Amino acid sequence: MERLFFVSHLWRIFQGGRRNIYQVFCAFCRSVLLWLITYERYEGIGKGNIYGD
Numbered sequence: 036m037e038r039l040f041f042v043s044h045l046w047r048i049f050q051g052g053r054r055n056i057y058q059v060f061c062a063f064c065r066s067v068l069l070w071l072i073t074y075e076r077y078e079g080i081g082k083g084n085i086y087g088d
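Each residue of the sequence shown is one higher than the last, beginning at 36 in my numbering.
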């Protein structure tokens, strides 16, 4: 499900600004960072008290 959303999001970026490589690259980096942050947060919830609450 997550991967499908990620791919469709990328496809939308490529269709929207295919001429502007820089814009596409920035959007891609932002998506990867957001995904990593979300994944880390979920991993933290799964493993328990990782942030020292």
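Heads up, the beta-carbon is just placed ideally off N, CA and C, and yes, glycines get one too.
Bear in mind the structure is a predicted one, so any value in this text is a computation, not a measurement.
Between leucine 71 and glutamate 37, the alpha-carbon positions lie close to 12 Å from each other.
Remark: C-beta atoms of serine 66 and phenylalanine 41 approach each other more closely than 8 Å. Non-local beta-carbon contacts of histidine 44 in its own chain, meaning distances under 8 Å to residues more than five positions away in sequence, involve Ser66 in chain order. Excluding its 5 nearest sequence neighbours in each direction, tyrosine 74 has no C-beta neighbour in its own chain below 8 Å.
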